[in-house]
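Student: Start counting the sequence shown at 1; every next residue gets the next number (the numbering used here).
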Amino acid sequence: MATRHLYVVRHGAADPFGQLTGTGERQTHLLGERLARSPIDAVLHSPLARAKSTAQLLGEHLPGVPVTEAPELVDHVPHVPADPPPAWAGFFDGYDAAEAAAGAGLAESLTTRFARPAETETHEVLVTHAYQVAWLVRHALGAPPDRWLAMSCGNTALTVIQFRDGTPPALLLYNDMSHLPEELRWTGFGPGARP
């Protein structure tokens with residue numbers, strides 16, 4: 001039975017203009033060293049610069065593995081809750097129905113393309129963004145749409161999901177930063193504790 005192995009990663013730390021920082025490059029090289037021990041077939045990335053740069057640096061550790069853009073991996077809000085939690089109310093303030101529908105459409109494209117079994121055994125790295133990692137994990141667990149709000153993802157953290165015909169998706173790892181030294185483990189969202 002063929003298994004699709006998705007190695008889903010958030011891009012390395014980036015500056016406010018979306019370019020990888022020196023920290024982001026260090027995080028990415030450490031992740032690349034880790035992924036080099038796996039039988040990776042392809043690296044796909046969001047069209048945004050921080051994800052593209054991360055994917056290109058990962059490719060340096062994966063000789064011969066194609067690195068290509070996948071528009072489904074772009075950063076977006078996958079679901080706007082009808083009644084957002086108070087901590088998120090300001091974030092969603094001003095989202096109109098058209099924006100919410102566009103985000104839902106992108107989220108559907110993401111899961112349709114990647115959250116399913118493949119015809120042959122595959123090992124794909126998806127370089128994307130925090131919300132997309134959360135959405136794929138939520139989908140794999142069969143959790144309600146609002147659950148993506150409760151998941152935070154560190155820069156270059158590794159999440160591994162497997163898809164096989166006839167079985168539910170298997171979440172093997174979520175937000176694993178064991179390849180990073182403590183000072184490089186961060187979600188990028190506020191000054192909170194570094195796991």
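Glycine residues also receive a C-beta, built at the ideal position from the N, C-alpha and C atoms. Being a predicted model, the structure only gives us computed values, none of them experimental.
Count the other C-beta atoms from every protein chain shown that fall within 10 angstroms of the C-beta of Arg37, then say buried if there are 16 or more, exposed otherwise.
Tutor: In the sequence shown, the residue the question calls residue 37 occupies position 37. The residue in question, Arg37, is exposed, as its Cβ has fewer than 16 Cβ neighbours within 10 Å.
Student: Whole angstroms are fine: how far does the CA of Thr122 sit from the CA of Leu171?
Tutor: Numbered from its first residue, the sequence shown carries residue 171 at position 171. Numbered from its first residue, the sequence shown carries residue 122 at position 122. Distance between the alpha carbons of Leu171 and Thr122 is about 16 Å.
Student: At the level of alpha carbons, what is the spacing between Arg4 and Ala55?
Tutor: Translated into positions along the sequence shown, residue 4 becomes position 4. Translated into positions along the sequence shown, residue 55 becomes position 55. Straight-line Cα distance between these residues: approximately 19 Å.
Student: Would you tell me roughly how many angstroms separate the C-alpha atoms of Ala14 and His129, rounded to the nearest one?
Tutor: Here the question's residue 14 lines up with position 14 in the sequence shown. Here the question's residue 129 lines up with position 129 in the sequence shown. Ala14 and His129: Cα-Cα distance of roughly 11 Å.
Student: From this set, His139, Thr156, Arg10 and Ala89, which residue's C-alpha is nearest Val74's C-alpha?
Tutor: As a first step, residue 74 is located in the sequence shown; it is residue number 74 there, counting from the start. Out of His139, Thr156, Arg10 and Ala89, Arg10 has the C-alpha closest to the C-alpha of Val74.
Student: Taking the C-alpha atoms as reference points, what is the distance between Pro145 and His29?
Tutor: Along the sequence shown, one-based indexing puts residue 145 at 145. Along the sequence shown, one-based indexing puts residue 29 at 29. Computed Cα separation, rounded: 33 Å.
Student: Return the residue from the list His179, Asn175, Asp165 and Leu173 that minimises the CA-CA distance to Met1.
Tutor: For this step, residue 1 is matched to residue 1 along the sequence shown. The shortest C-alpha separation from Met1 is found at Asp165.
Student: From Pro169 to Leu6, what distance separates their C-alpha atoms?
Tutor: Start at 1 with the first residue of the sequence shown, and residue 169 comes out as number 169. Start at 1 with the first residue of the sequence shown, and residue 6 comes out as number 6. Looking at the two C-alpha atoms, the distance is approximately 11 Å.
Student: Between which two residues does the beta strand (DSSP E) containing Leu239 stretch?
Tutor: No statement about residue 239 is possible, as the shown extent of the chain runs from 1 to 195 and does not include it.
Student: Run through the segment 93-128 for me and flag every whole alpha helix (DSSP H) of 4 or more residues, listed as ranges in chain order.
Tutor: Qualifying alpha helix (DSSP H) stretches, in chain order: 97-114.
Student: According to DSSP, simplified to helix, strand and coil, what is Ala2?
Tutor: Here residue 2 corresponds to residue number 2 of the sequence shown, with the count starting at 1. In the structure shown, Ala2 sits in coil (DSSP, three-state: anything other than H, G, I, E or B).
Student: To the nearest angstrom, how far is it from the Cα of Val127 to the Cα of Arg34?
Tutor: Taking the first residue of the sequence shown as 1, we reach residue 127 at position 127. Taking the first residue of the sequence shown as 1, we reach residue 34 at position 34. Cα to Cα, Val127 sits roughly 15 Å from Arg34.
Student: When you compare the CB positions of Arg50 and Leu20, do they come within less than 8 Å of one another, or not?
Tutor: Translated into positions along the sequence shown, residue 50 becomes position 50. Translated into positions along the sequence shown, residue 20 becomes position 20. Closer than 8 Å, so yes.
Student: Helix, strand or coil for Val67, going by three-state DSSP, please let me know.
Tutor: The residue you call residue 67 lines up with position 67 of the sequence shown. In this structure, Val67 counts as strand in the three-state DSSP scheme.
Student: Find out if the Cβ-Cβ distance for the pair Ala82, Leu44 is shorter than 8 Å.
Tutor: Locating residue 82 in the sequence shown gives position 82, where the first residue counts as 1. Locating residue 44 in the sequence shown gives position 44, where the first residue counts as 1. Not closer than 8 Å, so no.
Student: Go to Thr23, then tell me how far its alpha helix (DSSP H) extends in each direction, as first and last residue.
Tutor: Locating residue 23 in the sequence shown gives position 23, where the first residue counts as 1. Start and end: Gly22 to Leu35.
Student: Which class does Gln162 belong to by DSSP, given the choice of helix, strand or coil?
Tutor: Within the sequence shown, numbered from 1, the residue matching residue 162 stands at position 162. Strand.
Student: Applying the criterion that 16 or more other CB atoms from any shown protein chain within 10 Å of the CB defines a buried residue, is Trp88 buried or exposed?
Tutor: Position 88 of the sequence shown, counted from the first residue, corresponds to residue 88. By the 10 Å Cβ count, Trp88 comes out exposed.
Student: May I ask which residues mark the beginning and end of the beta strand (DSSP E) holding Val43?
Tutor: One-based indexing of the sequence shown puts residue 43 at position 43. First-last of the beta strand (DSSP E) with Val43: Ala42 to His45.
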